[in-house]
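A short write-up of the structure that comes next.
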Amino acid sequence: MQKILSFLFIGLVFTFSTYSQKPKTYSSADIYQAVQKLNFLGTALYIAAHPDDENTRLISYLSNEVKARTGYLSLTRGDGGQNLIGAELRELLGVLRTQELLAARRVDGGEQFFSRANDFGFSKHPDETLEIWNKDEVLSDVVWVIRNFKPDVIINRFDHRSPGTTHGHHTSSAMLSVEAFDLVNDKNSYPEQLKYTDLWQPERMFFNTSWWFYGSQEKFKEANKSKMLSVDIGTYYPTLGQSNNEIASIARSQHLSQGFGGISARGSEKEYIELLKGSFPRNNTIFDGINTTWGRVEGGEAIAEILLDIEANFNFKNPSEHLADLAKAYQLISNLKDDYWREIKLEEIKKIIEACSGLFIEATTAQASAVPGENISINASIINRSSSNMTLKNISISPSDVVQIISKKLENNKFITTNQKITIPENSEYTAPYWLKEEGTLGMYKAPQLLRGKPETPRLVKATFTINIEGVSIPFEKNIVYKFSKPDKGEIYQPFEILPRVSTSVANKVIIFSDEKSKDIPVTITSGADNISGNIHLKYNSGWNVSPQQIDFSIAKKGDTKTVIFTVTPPADENQETITPIIKIDGKEYTQELVTIAYDHIPTQSVLLPASFKVVRLNIKKTGENIAYVTGAGDEVPESLRQIGYTVTVIQPENISSGYLKNFDAVVMGIRAYNIHESLKFKQHILLDYVKEGGNLIVQYNTAGRNGLGMDNLAPYLLQLSRDRVTDENAEVTFNAPNNPLLNTPNKISQNDFTGWVQERGLYFPDKWGEEFTSIFSMHDKGESKKDGSLLVAPYGKGYYIYSGLSFFRELPAGVPGAYKIFANMLSIGKEESTNLNPIKG
1488 MQKILSFLFI GLVFTFSTYS QKPKTYSSAD IYQAVQKLNF LGTALYIAAH PDDENTRLIS
1548 YLSNEVKART GYLSLTRGDG GQNLIGAELR ELLGVLRTQE LLAARRVDGG EQFFSRANDF
1608 GFSKHPDETL EIWNKDEVLS DVVWVIRNFK PDVIINRFDH RSPGTTHGHH TSSAMLSVEA
1668 FDLVNDKNSY PEQLKYTDLW QPERMFFNTS WWFYGSQEKF KEANKSKMLS VDIGTYYPTL
1728 GQSNNEIASI ARSQHLSQGF GGISARGSEK EYIELLKGSF PRNNTIFDGI NTTWGRVEGG
1788 EAIAEILLDI EANFNFKNPS EHLADLAKAY QLISNLKDDY WREIKLEEIK KIIEACSGLF
1848 IEATTAQASA VPGENISINA SIINRSSSNM TLKNISISPS DVVQIISKKL ENNKFITTNQ
1908 KITIPENSEY TAPYWLKEEG TLGMYKAPQL LRGKPETPRL VKATFTINIE GVSIPFEKNI
1968 VYKFSKPDKG EIYQPFEILP RVSTSVANKV IIFSDEKSKD IPVTITSGAD NISGNIHLKY
2028 NSGWNVSPQQ IDFSIAKKGD TKTVIFTVTP PADENQETIT PIIKIDGKEY TQELVTIAYD
2088 HIPTQSVLLP ASFKVVRLNI KKTGENIAYV TGAGDEVPES LRQIGYTVTV IQPENISSGY
2148 LKNFDAVVMG IRAYNIHESL KFKQHILLDY VKEGGNLIVQ YNTAGRNGLG MDNLAPYLLQ
2208 LSRDRVTDEN AEVTFNAPNN PLLNTPNKIS QNDFTGWVQE RGLYFPDKWG EEFTSIFSMH
2268 DKGESKKDGS LLVAPYGKGY YIYSGLSFFR ELPAGVPGAY KIFANMLSIG KEESTNLNPI
2328 KG
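Here our numbering is used: the first residue of the sequence shown is 1488, the next is one more, and so on.
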């Protein structure tokens, strides 16, 4: 039965940037690499848990040295991590890190896949991970990707035999991979998938081991390596002018949100893989015994005769010399009975033909987006920069049925452009991330079967150029892109999006009411089309009051905004509520916010999220007024503090001076501030002097890493950071110092203040500290010893030094009432007379 292949992401060394960014040009060396890859019929899949878990050295080696079709299956999109370059967290961070993975694959030549697993945060054991993820569902996704991608070889990044020794997501990725290996060829395992794909059986499975898994290089040197292969991933590619590890370093540096930009490595370096399943290769090569030639498929011998000759006699000076033979090979590949290799190799050879001929093909529009039902203009351009015999037969734009007949000879270096107008169908789906279209669970996203595994939402609007090359008709499909220019950047390409007619947003996703006073809430309406009009109201439950009940609006131009004001009055008692702005236009409701993620290293992303916002009525007290804040990584705490009435001034490290700090009641260091601002170590003595003279310094968590922070005075007393963390957001909390002002002044802290926390209690707690410190809380994850380092306070001179590993950077933006009260007490310490510190030593 003919199967629908849902994975046609062709991972050449040589690929056009996905959906956006300027089309890449290719040298003869690039084309030659692609021809070599065209003649290799073998596939490898690398499996791990997160973006940045992948070994780019090995992926690049498999893709560029072995020439295998190589993929990386990351079970999650990294939604639970931190962000060193911006404010995106959770779902938005997952979108950013997805694009960073795709950017990495464009460098190392791999392809990218995902499961529906949600990175819910750090997990200490796979038992917890697989319970939150829904093991069966994630396992089905792993099976699905393997059945579609059809790897001969699978390589796991992590060891499935060591649960509890590393991140639970890591071990789970390996455990699921090992289990899937034995299920993918079983017709009784996930039989519903077989409507769309076939059974498959990989030949062998490896674990990508290293000295790190053995604890030291000495132990690894002594380990039994009888089941291990070693490859030199430092190999140099003369045709590319780069070594494999240089390419891998550039690929890894695409993970900028995780701070992985680094210096390229060079020179010989061994990588080890341990056989887990299948036969052991006899000649120390990963694909030993697997037919990776054209002889693998029926009818492949005739193709090999043509393509191997091109490889052996490649004309670097004039690659277009091979176009006639490439066209013949294209015809033969089109007739292959093997669905999988036919589709894969057709895409590969089309890209080679395109590059050999110097063909430049694009379809662009002068607008960034359109709404369903809108008419748009498409500019289609093409140029043949070779002497090859070519005729442009027609151009068709989908999803319209319009086919523009051209029948024009493509003369050497003569530019042709044409224009078509199409209408976006009224029933078109938006091109936002597909896994965010429905609300999922803590551990799982939702997605239709045929979208599972895909890195992005497939583009709806495409142009297909049918060109007769040396007597053979070949279709070249291109996504429609938005093309424009800026004086300071030149020519720019962005994805063309289909978006809602209107979207709405509220600047603050959590609005805190610290008393019974009403607040005016600005709601911004953004038009996705010209001449829209309708009304907007806020949907909410009883207890809160909103006025007016409804506001009419109209917006003349696409892209313009209108801000309307609703007055929200809270109840007298503590309360939390979710409020949803609802826009009505011609009987249709719109409830989504459009979020744009724009960085230079990734294509611009348009994300649609619920426009709802949370309102929280708090009975909270505070002392002090003016707060200085040194921002950290992905830090929204300053705005949260403003919500409860503090005047927060964000300061840069270079502005820290003794005279300046005297203006503030407290100074707060953002998360990982010392990690990202190296200059802070030169300002630390000023900060400690500020405390000594009566100031209040709050330091939120930092990571020490292997080499520490590069400073010995993070605190005025002994303070040793560790990797201790409590990942269960509902973990029991014990009050170590019940009389301490942090638990009593000005807000009385109780166990109720630890309900409703999200993702975790805290991370990177100190595990050793001086007797001057007081430990405020004790907490621990299931089966572990208690951790006393989540919140520490010590008097120093006339002031107070506080170190907190509690995850305020997650709790405050989520509107957790108890987190606000604890933070207010931290800011207020020293402003009240009670100073009973009751120390607990670390």
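Where a beta carbon is used, it is the ideal one built from N, C-alpha and C, also for glycine.
Cα-Cα separation between residue i and residue j, rounded to whole angstroms
{"i": "VAL1889", "j": "LYS1908", "result": "9 Å"}
{"i": "PRO1886", "j": "SER1547", "result": "36 Å"}
{"i": "LYS2168", "j": "GLU2126", "result": "26 Å"}
{"i": "VAL1640", "j": "GLY1748", "result": "29 Å"}
{"i": "ILE2236", "j": "ALA1574", "result": "29 Å"}
{"i": "GLN2171", "j": "SER2291", "result": "17 Å"}
{"i": "ASN2150", "j": "GLN2130", "result": "21 Å"}
{"i": "VAL2186", "j": "VAL2155", "result": "6 Å"}
{"i": "ASN2325", "j": "GLU1709", "result": "Legend: pLDDT at ASN2325 = 44, less than 50; position of this residue unreliable, value from coordinates given subsequently. If I take the Cα positions, the gap works out to 50 Å."}
{"i": "ASP1673", "j": "PHE2241", "result": "47 Å"}
{"i": "SER1990", "j": "ARG1584", "result": "24 Å"}
{"i": "ARG1564", "j": "HIS1809", "result": "41 Å"}
{"i": "SER2315", "j": "GLY1746", "result": "34 Å"}
{"i": "LEU1571", "j": "ASN2062", "result": "33 Å"}
{"i": "TYR1723", "j": "GLU1756", "result": "11 Å"}
{"i": "ALA1779", "j": "PHE1601", "result": "Strictly speaking, residue 1779 in this sequence is Thr, with Ala absent from that position. Roughly 26 Å separates the two Cα atoms."}
{"i": "THR2341", "j": "TYR1932", "result": "Absent from the model: residue 2341. The displayed extent of the chain is 1488 to 2329, so no value can be given."}
{"i": "GLU1926", "j": "THR1918", "result": "17 Å"}
{"i": "ALA1855", "j": "LEU1986", "result": "10 Å"}
{"i": "GLY1776", "j": "GLU1984", "result": "46 Å"}
Residues that DSSP places opposite residue i in a beta bridge
{"i": "ILE1954", "result": "LEU1879 and ILE1961"}
{"i": "GLU1830", "result": "DSSP, once it has assigned bridges, lists no residue as partnering GLU1830."}
{"i": "MET1715", "result": "GLU1761"}
{"i": "ASP2007", "result": "THR2054"}
{"i": "TYR2077", "result": "ILE2070"}
Best match in the options for proximity to residue i [C-alpha to C-alpha]
{"i": "ILE1793", "options": "ILE1836, ILE1777, PHE1694 and GLU1758", "result": "ILE1836"}
{"i": "PHE1767", "options": "PHE1693, ILE1840 and ASN1732", "result": "PHE1693"}
{"i": "ARG2124", "options": "PRO2009, PHE2296, THR2054 and TYR2287", "result": "Looking at the sequence shown, residue 2124 is not Arg but Val. VAL2124 has its Cα closest to that of PHE2296, out of PRO2009, PHE2296, THR2054 and TYR2287."}
{"i": "PHE1774", "options": "GLU1785, GLY1786 and ILE1760", "result": "ILE1760"}
{"i": "THR1543", "options": "ASP1595, ARG1988, TYR1513 and ALA1555", "result": "ASP1595"}
{"i": "LEU1560", "options": "GLY1927, PRO1510 and LEU1626", "result": "LEU1626"}
{"i": "ILE2114", "options": "VAL1629, ASN2183, LEU1743 and ALA1855", "result": "ASN2183"}
{"i": "ASN1635", "options": "LYS1712, LEU1938, VAL2103 and ILE2107", "result": "LEU1938"}
{"i": "THR2083", "options": "THR1726, LEU1589, PRO1912 and LEU1579", "result": "LEU1579"}
{"i": "ALA1535", "options": "TRP2031, SER2277, PHE1645 and PHE1963", "result": "PHE1645"}
{"i": "TYR2161", "options": "THR2118, GLU2180 and THR2136", "result": "THR2118"}
{"i": "LEU1525", "options": "ALA1555, ILE1884, GLU1957 and LYS2269", "result": "ALA1555"}
{"i": "VAL2135", "options": "SER2144, TYR2116 and SER2145", "result": "TYR2116"}
Endpoints, the alpha helix (DSSP H) within which residue i is located
{"i": "TYR1701", "result": "1698-1701"}
{"i": "LEU1588", "result": "1577-1595"}
{"i": "ILE1523", "result": "The residue you asked about is not Ile; residue 1523 is Gln in the sequence shown. Here the alpha helix (DSSP H) through GLN1523 covers 1515-1525."}
{"i": "HIS1657", "result": "1655-1668"}
{"i": "PHE2296", "result": "2295-2298"}
{"i": "TYR2147", "result": "2145-2148"}
{"i": "ALA1811", "result": "1810-1821"}
{"i": "LYS2179", "result": "2167-2179"}
Continuous beta strand (DSSP E) stretch holding residue i: start and end
{"i": "PHE1971", "result": "1968-1973"}
{"i": "ALA1535", "result": "1530-1535"}
{"i": "ASN2312", "result": "Premise fails: ASN2312 lies in the alpha helix (DSSP H), 2304-2315, not in any beta strand (DSSP E)."}
{"i": "ALA2153", "result": "2153-2156"}
{"i": "VAL2186", "result": "2183-2187"}
{"i": "ARG1603", "result": "Run containing ARG1603: none; DSSP gives neither H nor E here."}
Where residue i falls, given that 16 or more other Cβ within 10 Å makes a residue buried
{"i": "ILE2052", "result": "exposed"}
{"i": "ALA2306", "result": "buried"}
{"i": "ILE1902", "result": "With the sequence shown as reference, residue 1902 is identified as Phe, and Ile is not the correct amino acid for it. The residue is exposed, with fewer than 16 neighbouring Cβ atoms inside 10 Å."}
{"i": "GLY1754", "result": "exposed"}
{"i": "MET1662", "result": "buried"}
{"i": "TYR1506", "result": "Any answer about TYR1506 is weak, because its pLDDT of 38 lies below 50 and its placement is not dependable; what the coordinates show is given next. Classification of TYR1506: buried, given that the 10 Å Cβ count is 16 or more."}
{"i": "LEU1929", "result": "exposed"}
{"i": "ALA1867", "result": "buried"}
{"i": "ASP2005", "result": "The sequence given here has Ser at residue 2005, not Asp. Answer is exposed; the Cβ neighbour count stays below 16."}
{"i": "LYS2109", "result": "buried"}
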